[in-house]
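To convert, note that position 139 of the sequence shown is 1529 in the working numbering; the numbers rise steadily by one, no gaps.
Notes follow the structure.
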Amino acid sequence: MSINNGTYFPPASLDELIEKFPTPSVAKTVRLIDYLDEGVPGPEHFTIGEGPVPTLTLDGDGDILIQVVAMSADPYLRVGIKPGGGKNPGDAMNGFVSGFVLASNSEKWIPGDFVGAATDFTNIQVLTKAAQAKTMIWKLTGFLDAEHLSYGVGILGMPGSTAYGGLIDVLKPNKGETLFVSAACGAVGGLVGQIAKTQYNCNVVGSCGGDEKGAIILDKFKFDHHVDYKKCDDEAALAAALKAAAPDGIDMYFENVGGMHFEVAMSALRPKGRIAVCGCIANYNNSSANADGQQASPGGAVSNRINIGNMIYSAQRIEGFVCMPWLTGQKGNFLSDMAKWLHEGAFAVPEETHFQGIENWAAGFQSLFTGANKGKVVIMV
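Here is the structure:
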């Protein structure tokens, strides 16, 4: 758990926060109605459960009561609602949230502290001491202000720490190398490319669909090249587009998509090239059954090809990872570094697509798979 305060903003007054974000009179939770093995999830697959507002108990030493202001909707959650993915009908959906502490029985937290956590999508909830020990939770006090609490599920949350850790510690860029990023206009991809440009002077090629998103990564994020995958009908066309942008191949690939993007990146990877794998959204809506009808991975039955023999003498490396070590402060200096770069204006904050109200969480989630979003999807509770 990361519990140190930042130094960029003064602590918020609890009274001012409650005035800005009135305390809910009902606890509301996003719940799964039924499994969805294949296809795009939508509002019909989720419901909002209601219950009484919880309170802290006298014997709850270390517990905190938090009010959630922003909820995240992320592609990886699609895996959890498949059969065998971890969720059951009626279960609460959970993921990354940000908000503030309403009441505290913990010496580590005071009312008014800004908090980020991985927990249920419930608008007001108690995080017990035991629950805090088992999940990701980080203090955002001093790193942002009340107007930008959405950053706690974006640039100062899971997407930011994924970009930070995946680029700096997994890919380990060298000055001037060429980086290819899929889903480059997304919450993670946009940050990966910008950190690579501003901190390592890399040549950055980004793949995203359409002229509008292409303009964002070129003009706002300062990528060097845009590959429009929507204009590529097959793997050969995508390979040709990447070769046009990076004729000498690539040194690094940040994988958010899977499918033909991985095949093309692997074929363009230079000796000593590295691939960081944190997502494969291209497969998430596929059936979890394989060609024989047997249960395969809940992440989707489509797999990618790897010629391991080619990797030996070329000393190439593929590594999967998750954000936890950087988000919780076990590795690196994510919060302090990212807040510093943000405060200095070192790069542009990736786009955010906001949905208003917990009732619209499912619509926000759906937008991830239809392309209706730009950058980070945030549900402002």
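Every residue gets a Cβ at the ideal spot worked out from N, C-alpha and C, and that includes glycine.
* Asked: For residue 1468, does the three-state DSSP call read helix, strand or coil?
  -> As a working mapping, residue 1468 is identified with position 78 in the sequence shown. Note: residue 1468 maps to helix in three-state DSSP.
* Counting only the same chain and skipping the five closest in sequence on each side, list residues whose C-beta sits under 6 Å from that of residue 1396. => Taking the first residue of the sequence shown as 1, we reach residue 1396 at position 6. Excluding residues up to 5 positions away in sequence, 1532, 1533, 1729 lie with their Cβ nearer than 6 Å to the Cβ of residue 1396 in the same chain.
* **Three-state class that DSSP yields for residue 1773 in the structure shown** => No answer is possible for residue 1773: the residues shown for the chain start at 1391 and end at 1771.
* Buried versus exposed, by CB contacts within 10 Å (16 or more), residue 1605 -> To locate residue 1605, count along the sequence shown from 1; it is residue 215. Residue burial is scored here from C-beta neighbours: residue 1605 has fewer than 16 other C-beta atoms within 10 angstroms and is therefore classed as exposed.
* Asked: Can residue 1467 and residue 1755 be called in contact, C-beta distance under 8 Å?
  -> For the purposes of this step, residue 1467 is identified with residue 77 of the sequence shown, where counting begins at 1. For the purposes of this step, residue 1755 is identified with residue 365 of the sequence shown, where counting begins at 1. In this structure, residue 1755 lies closer than 8 Å to residue 1467 by Cβ.
* Asked: Helix, strand or coil for residue 1423 per DSSP?
  -> In the sequence shown, the residue the question calls residue 1423 occupies position 33. If DSSP states are grouped into helix, strand and coil, residue 1423 belongs with coil.
* **Chain-order list of residues whose beta-carbon lies under 6 Å from that of residue 1748 (same chain, five-residue window excluded)** => The sequence position of residue 1748 within the sequence shown is 358, counting from 1. These residues qualify, in order along the chain: 1418, 1513, 1771.
* Can you tell me which of 1731, 1540, 1632 puts its alpha carbon nearest to the alpha carbon of residue 1587? => For the purposes of this step, residue 1587 is taken as the residue at position 197 of the sequence shown. Cα-wise, what sits closest to residue 1587 is 1731.
* For the beta strand (DSSP E) holding residue 1643, just list the boundary residues, first then last. => Residue mapping note: residue 1643 aligns to position 253 of the sequence shown, counting from 1. In the DSSP annotation of this structure, the continuous segment of the beta strand (DSSP E) that includes residue 1643 starts and ends at 1640 to 1645.
* **Contact belief for residue 1544 with residue 1577 at Cβ below 8 Å, rounded distance in angstroms** => Along the sequence shown, one-based indexing puts residue 1544 at 154. Along the sequence shown, one-based indexing puts residue 1577 at 187. That pair is a contact at about 6 Å.
* Reference residue 1615; option with closest CA among 1415, 1403, 1580 -> Against the sequence shown, residue 1615 aligns to sequence position 225. The option with the nearest alpha carbon to residue 1615 is 1580.
* Asked: Considering only residues of the same chain and omitting the five flanking positions on each side of residue 1624, which have a CB-CB separation below 8 Å?
  -> Residue numbering aside, residue 1624 sits at position 234 when the sequence shown is read from its first letter. Only 1650 meet the Cβ criterion.
* Just to confirm, are residue 1492 and residue 1456 a CB contact at a threshold of 8 Å? -> Locating residue 1492 in the sequence shown gives position 102, counting from the first residue. Locating residue 1456 in the sequence shown gives position 66, counting from the first residue. Inclusion of residue 1492 and residue 1456 in the CB contact set at 8 Å is warranted, their separation being smaller than that value.
* Helix, strand or coil: which one does DSSP assign to residue 1706? -> Taking the first residue of the sequence shown as position 1, residue 1706 is located at position 316. Annotated three-state conformation of residue 1706 is coil, per DSSP.
* **DSSP three-state assignment for residue 1514, whether helix, strand or coil** => Along the sequence shown, read from residue 1 onward, the residue named residue 1514 stands at position 124. Per DSSP, reduced to three states, the secondary structure at residue 1514 is strand.
* Asked: Apart from the five residues just before and just after residue 1433, which ones in its own chain have a Cβ nearer than 6 Å to its Cβ?
  -> As a first step, residue 1433 must be located in the sequence shown, where it is residue number 43. Around residue 1433: 1752, 1753.
* Asked: Along the chain, where does the beta strand (DSSP E) that runs through residue 1671 open and close?
  -> Indexing the sequence shown from 1 puts residue 1671 at position 281. In the DSSP assignment, residue 1671 falls outside any beta strand (DSSP E) and carries neither an H nor an E.
* To do: Give a yes or no on whether the minimum CB-CB distance between residue 1447 and chain B is below 8 Å.
  => The displayed structure is made up of one protein chain only, and chain B is not part of it.
* Asked: Using the C-alpha atoms, what's the distance from residue 1416 back to residue 1559?
  -> As a position in the sequence shown, residue 1559 is number 169, starting the count at 1. As a position in the sequence shown, residue 1416 is number 26, starting the count at 1. Per the coordinates, the alpha-carbon of residue 1559 lies some 43 Å from the alpha-carbon of residue 1416.
* Would you tell me roughly how many angstroms separate the C-alpha atoms of residue 1439 and residue 1750, rounded to the nearest one? => By 1-based counting over the sequence shown, the position of residue 1439 is 49. By 1-based counting over the sequence shown, the position of residue 1750 is 360. The alpha-carbon atoms of residue 1439 and residue 1750 are separated by roughly 13 Å.
* Straight-line CA distance for residue 1767 to residue 1661? -> Here residue 1767 refers to the residue found at position 377 of the sequence shown. Here residue 1661 refers to the residue found at position 271 of the sequence shown. In this structure, the alpha-carbon of residue 1767 lies about 36 Å from that of residue 1661.
* **Rounded distance between the beta-carbons of residue 1505 and residue 1490, thought under 8 Å** => Here residue 1490 refers to the residue found at position 100 when the sequence shown is read from its first residue. Here residue 1505 refers to the residue found at position 115 when the sequence shown is read from its first residue. That pair is a contact at about 6 Å.
* Asked: Going along the chain, which residues of its own chain have a beta-carbon closer than 6 Å to the beta-carbon of residue 1426, five neighbours each way excluded?
  -> The residue labelled residue 1426 in the question sits at position 36 within the sequence shown. Excluding positions up to five away in sequence, the list reads 1435, 1471.
* With C-beta atoms as the reference, is residue 1654 less than 8 Å away from residue 1511? -> Numbered from 1 along the sequence shown, position 264 holds the residue referred to as residue 1654. Numbered from 1 along the sequence shown, position 121 holds the residue referred to as residue 1511. No, they are not a contact pair.
* **CA-to-CA distance, residue 1666 to residue 1640, given in whole angstroms** => Here the question's residue 1640 lines up with position 250 in the sequence shown. Here the question's residue 1666 lines up with position 276 in the sequence shown. Rounded to the nearest angstrom, the two C-alpha atoms are 13 Å apart.
* Between which two residues does the beta strand (DSSP E) carrying residue 1440 extend? -> Here the question's residue 1440 lines up with position 50 in the sequence shown. Residue 1440 -> beta strand (DSSP E) spans 1436 to 1441.
* Where residue 1478 falls: helix, strand or coil (DSSP) -> Taking the sequence shown and counting its residues from 1, the one referred to as residue 1478 is at position 88. In the three-state scheme derived from DSSP, where H, G and I count as helix and E and B as strand, residue 1478 is classed as coil.
* residue 1606 - containing alpha helix (DSSP H), residue span -> Locating residue 1606 in the sequence shown gives position 216, counting from the first residue. Neither: residue 1606 is in no alpha helix (DSSP H) and is coded neither H nor E.
* Asked: Grouping DSSP H, G and I as helix and E and B as strand, with all else coil, what is residue 1446?
  -> Here residue 1446 is taken as the residue at index 56 of the sequence shown, counted from 1. It is coil, neither helix nor strand.
* Span separating the alpha-carbon of residue 1582 from that of residue 1724 -> Counting from 1 along the sequence shown, the entry for residue 1582 is found at position 192. Counting from 1 along the sequence shown, the entry for residue 1724 is found at position 334. Near 13 Å, if we compare the C-alpha coordinates of residue 1724 and residue 1582.
* Asked: First and last residue of the alpha helix (DSSP H) that includes residue 1565?
  -> Counting from 1 along the sequence shown, the entry for residue 1565 is found at position 175. Run containing residue 1565: none; DSSP gives neither H nor E here.
* Asked: On the three-pair Cβ rule with 8 Å, is the region 1562 to 1575 touching the region 1534 to 1542?
  -> No: fewer than three Cβ pairs fall under 8 Å.
* What are the boundary residues of the beta strand (DSSP E) that residue 1596 is part of? -> Within the sequence shown, residue 1596 is the residue found at index 206, counting from 1. In the DSSP annotation of this structure, the continuous segment of the beta strand (DSSP E) that includes residue 1596 starts and ends at 1593 to 1597.
* Asked: Roughly how many whole angstroms lie between the Cα atoms of residue 1409 and residue 1597?
  -> To locate residue 1409, count along the sequence shown from 1; it is residue 19. To locate residue 1597, count along the sequence shown from 1; it is residue 207. Cα to Cα, the separation comes out at about 43 Å.
* Asked: Hey, residue 1519 and residue 1449: beta-carbon distance below 8 Å or not?
  -> Residue numbering aside, residue 1519 sits at position 129 when the sequence shown is read from its first letter. Residue numbering aside, residue 1449 sits at position 59 when the sequence shown is read from its first letter. Contact flag unset, no.
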